[in-house]
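K.L.:
Per this note's numbering, the sequence shown runs over residues 9 to 265.
Using N, Cα and C, we set each Cβ at its ideal position, and we do this for glycine too.
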Amino acid sequence: MHEVFAVNNWNSGQFCLESLALALDGDESKMPHFIDALRSANLPVGSVDCGKVMLRLEERIALAILHTFSSRANIDPSTMAAALGFWPHVCASISRFVEFRPTPDADEVDPFLFFSPIAIESIPVPVVDEYIDIVQNRFVIWRRPSSDPTYLARALGGGAPEPCHDGAEPNYLDALQKLKAAPVYDSISLGYLDAGDFRPNIHAHLPDKRDVLPSSIHCLARSATSLEDTYSFKVSVNVSLVAREMKRRALGLQVLS
């Protein structure tokens, strides 16, 4: 019965504080703080009856990121929420493979078996996974694979495959082989932390669509890569993985991290 309610929670987007805490493997008493952090960054959080909140997929992903940075790196949730609020591209990009649809009007499929009942171990998938790094407790960098893995998802069973970058259509075995390849990353400077506040990189041009990268990505990538080459300390979180773990728990599936 719990699993039925869990699935309904995820599919409807309606969560009580208890169900949110279960999905995040966190403390129920701290959930209002995370919800308030989303609201402070103007990320939409709806209210429904019986003390429940309504969260879109992107806001659920944002909560998973806030909770992880708070619990593992002691980053204030409102600070990270401000970064995600200014850069909605991050959660929108991650959402593509948390709920993968081969086409906008297609049903959701799971080509990478992220949500298989037997896939209990939290295993990174390098060609898909995206990261947020905090360098020197100050600089916030978003890393994601340069190559769009959508064509791999389709080849692995998510619909009709798209041509690869070289024009060839990948088959199932080719796609499995490419999953083992080490990706090249785009590193994007989101901004920096200053006395508990997030200062965005205002030099980036933000496109209208959240799933489109800034047109100045190449300039940003150069500066971010240079920064990454000179740091002495950073906190790196696989934000795709923590989003998947949240969904698995919300669906009543086991997570072994």
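#1: Just mark PHE23 as buried or exposed, buried being the case when its beta carbon has 16 or more other beta carbons within 10 Å.
#2: At what residues does the alpha helix (DSSP H) containing LEU249 begin and finish?
#3: Tell me which residue opens and which closes the beta strand (DSSP E) that GLY93 is part of.
#4: Quick check: the Cα distance between SER48 and ALA90, rounded to an integer number of angstroms?
#5: Could you give the uninterrupted runs of the beta strand (DSSP E) lying entirely in the stretch 104-148, keeping only those of 3 residues or more?
#6: Whole angstroms are fine: how far does the CA of SER86 sit from the CA of ASP44?
#7: Grouping DSSP H, G and I as helix and E and B as strand, with all else coil, what is VAL61?
#8: Could you spell out where the alpha helix (DSSP H) holding PHE42 opens and where it closes?
#9: With a threshold of 8 angstroms, are at least 3 pairs of Cβ atoms found where one atom belongs to the stretch 78-85 and the other to the stretch 123-141?
#10: Can you tell me whether DSSP reads SER265 as helix, strand or coil?
#11: Please classify GLU183: is it buried, with 16 or more other beta-carbons within 10 angstroms of its beta-carbon, or exposed?
#12: For PRO125 and VAL106, what's the separation of their Cα atoms in angstroms?
#13: DSSP has TRP150 in a bridge; who is on the other side?
#14: Can you tell me where the alpha helix (DSSP H) with ASP35 in it begins and where it stops?
#15: ARG162: which of ARG104, LEU92, ARG146 and ALA29 sits nearest, CA to CA?
#16: Since ILE149 contacts SER197 with CB under 8 angstroms, what's their CB separation in whole angstroms?
#17: Return the CA-CA distance between SER55 and ALA203, expressed in angstroms with no decimal places.
#18: Identify whether LYS188 lies in helix, strand or coil by the three-state DSSP scheme.
#19: Just verifying my parser: in three-state terms, what is the DSSP assignment at LEU74?
#20: Nearest CA to the CA of ILE73: which residue from SER195, VAL250, GLU138 and TYR180?
#21: From the DSSP output, read off the bridge partner residues of GLY54.
#22: Just to confirm, are LEU25 and GLU36 a CB contact at a threshold of 7 angstroms?
#23: Is the distance from the Cβ of GLU138 to the Cβ of SER248 below 7 angstroms?
#24: Mapping DSSP to helix, strand and coil, what is SER182?
#25: Among LEU160, GLN144 and ASP194, which has the Cα closest to the Cα of SER154?
P.N.:
In brief:
#1: buried
#2: Note, LEU249: alpha helix (DSSP H), 247-258.
#3: Premise fails: GLY93 lies in the alpha helix (DSSP H), 85-94, not in any beta strand (DSSP E).
#4: 8 angstroms
#5: 139-143
#6: 8 angstroms
#7: strand
#8: 39-48
#9: no
#10: Looking at SER265 - three-state DSSP - the assignment turns out to be coil, as it is neither helix nor strand.
#11: Just to set this straight, residue 183 is Ala in the shown sequence, not Glu. Burial call: buried.
#12: 15 angstroms
#13: ILE140 and ILE196
#14: In the DSSP assignment, ASP35 falls outside any alpha helix (DSSP H) and carries neither an H nor an E.
#15: ARG104
#16: 6 angstroms
#17: 31 angstroms
#18: In the structure shown, LYS188 sits in coil (DSSP, three-state: anything other than H, G, I, E or B).
#19: helix
#20: Among SER195, VAL250, GLU138 and TYR180, the Cα nearest to that of ILE73 belongs to VAL250.
#21: MET62
#22: yes
#23: Cβ atoms of GLU138 and SER248: closer than 7 angstroms.
#24: The residue you asked about is not Ser; residue 182 is Asp in the sequence shown. Correct three-state label for ASP182: helix.
#25: ASP194
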